[in-house]
Amino acid sequence: MIISVSAAVTLILSILAVFFDLILLKIAISVFLFLIVVLSFISRAKGVNNAPVREKENKGDSDELKRLAARLKETEEAYRSLQRESREDKEKLETLIEGASYLNTALPMMKQLAGLVVDKTEESAMNLTENIFEISNRSSQVGNHISNFLNDLFSGDKSLKSNIDILSGEMNRINKLIEDFTAISKRYTLDMKQIDENVKTIKGFLDGIRDVSDRTGLLAINSSIEAARVGNAGKGFSVLAGEIQGLASSSKEISLQIEDVIAGISDRVDESFQALESEINMTLEQLNRTRSDLQEISSSLDDKIADVENHVKDSDSLSRTVTEQLGNVTVNMQYQDITRQILEHIMSTLNFYRTRMEENEPLLVAASEKKEKRDEILEKISSYFTIEDEWKLFGLQVHVGKSSDSDQEEEFKGNVEMF
């Protein structure tokens, strides 16, 4: 009865131990099993005097004792396993405590870096504001200068606006020329159509001539054959000769018609060329007048161009001044990039120690700051530093090969990236 109850209790405790993974519960199970074995032996010892009566029960108890002995052996092995797990858990706990200690030591450093971010941001904002006011004043001066310059360009009889009006009149003349050339183009289109029709007519005549030529050749062959066959009988040859003569007459008539058509084409082409020559001469006269007018306009614009050159020089000087101020603004804006870099360094450091703590169980511990831990942490986070102020913040010497903010400022002057 005791063994059955103990077995049930052991089973329940084992399930709880597996489910909750508690070290103390595992140890309690081992002790409980050991006590069960001891109580079983005591119970057997009390029942020795009643051997004849309980002989059958003792036999069963003997088997039960064997099973308990085996179970005890398993319990011992489990106990040793629990001891090993306990040692491992202890090591993990110590590691976690060590990590928490590092984190506790690193937190003040993070605070210092955050303070550096705030200081740099405030300094950058002040410098940027001053430069913006300076640029605003310069821009106002440039605006007034440009306004006066534009007034000179667009007012008065000799202003650029007046010259533009003259050019507009010349453009109207040019448009008239375009219309004239368009009419000429249309006329030539009609002439080309007429020529095409004449060519088609000539082609028909040529086809007729080709047909007559073929028939004439055939009749000539037949005449030769007939003459050779009949000898002195000339009647057949006479008929063939008459046909040949008729065909020759037709060919002559066709040739005359072709000559007339070609003559008509030649006359039409001559008339077209004469008309074209007249139009071209008129166009050249208008173009010459236009060129003279444009030369006069060009001369009147020389003075304006000289004024423009002077104003451009003044504007260039103002532009250089504004550019210098913008350069200062740009350099100050690069502190925003410095801020970003510092924040990235903070995040890199936090991620490094967060990863280290995530490898262990999440236990809350407290540990005192030690100098060796601080030196180790400082060595680690300084490997991320690229800004001179970061090293100065912790009293470190700037490493060779790392860029300082002055170096970055010099680099920014040649390669500015807005963000």
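Here the sequence shown is numbered in full-length UniProt numbering, starting from 1 and rising by one per residue. Think of the CB as a built atom: it goes at the ideal place given N, C-alpha and C, for glycine as much as any other residue. None of the values given here were measured: they were computed from a predicted structure.
DSSP state of F352, grouped into three classes?
-> helix
With respect to the alpha helix (DSSP H) encompassing L393, which residues constitute its N-terminal and C-terminal limits?
-> 388-393
Would the beta-carbon of L378 fall within 8 Å of that of L116?
-> no
Go through its chain and collect everything with a Cβ distance to D191's Cβ below 7 Å, but skip five positions before and after it.
-> R268, S272
What is the DSSP secondary structure of M79, reduced to helix, strand or coil?
-> Correcting the residue identity first, residue 79 is Tyr in this sequence and not Met. Y79 falls in the helix class under three-state DSSP.
Of the residues S250, N127, I166, which one's Cα is nearest the Cα of R215?
-> S250
Distance between S383 and D389 (C-alpha atoms, nearest Å) | 14 Å
Rounded to the nearest angstrom, how far is the Cβ of N198 from that of I265, given a contact under 8 Å?
-> 5 Å
R320 to I184, Cα distance in whole Å?
-> 56 Å
Relative to the alpha-carbon of residue 443, which residue among E179, I254, V212 has its alpha-carbon at the smallest distance?
-> There is simply no residue 443 to check, as the chain begins at 1 and stops at 419 in what is shown.
Can you give the Cα-Cα distance for D293 and I195, rounded to whole angstroms?
-> 41 Å
Closest residue to E296 among G204, L72, I166, S317 (Cα-Cα distance) | I166
Three-way DSSP call (helix, strand, coil) for Q286 in this model | helix
Looking at I381 and Q341, is the spacing between their C-beta atoms short of 8 Å?
-> no
Can the beta-carbon of D180 be found less than 8 Å from the beta-carbon of E285?
-> no
Spatial neighbours of I209 within its chain, please: CB distance less than 7 Å, with the 5 preceding and 5 following residues excluded, ordered by chain position.
-> S251, I254
Return the Cβ separation of I338 and K92 in integer angstroms, given the expectation that the two are a contact with Cβ distance under 8 Å.
-> With a Cβ gap of about 40 Å, I338 and K92 do not count as contacting.
Using three-state DSSP, classify L396 as helix, strand or coil.
-> coil
F385 (DSSP reduced to helix, strand or coil) | coil
Decide if L396 is buried, meaning its Cβ has at least 16 other Cβ atoms within 10 Å, or exposed.
-> exposed
M109 to M126, Cα distance in whole Å?
-> 26 Å
Close Cβ partners of S348 (< 6 Å) along its chain, the five nearest in sequence each way excluded | Y384
Can you round the beta-carbon distance between H345 and L72 to whole angstroms, since I take them to be within the 8 Å contact cut?
-> With 8 Å as the limit, H345 and L72 do not qualify as a contact, their Cβ atoms being about 59 Å apart.
In terms of alpha-carbon separation, which member of K186, E372, F205, E376 lies closest to I262?
-> F205
Under 8 Å between the Cβ atoms of D314 and H145?
-> yes
Please determine, among A275, E123, L219, the residue with the shortest C-alpha to C-alpha distance to K186.
-> A275
Can we count L177 as close to the ligand COA, meaning its CB is less than 7 Å from some heavy atom?
-> For the structure depicted, the ligand COA is absent and the ligand set is empty, with no information on it obtainable.
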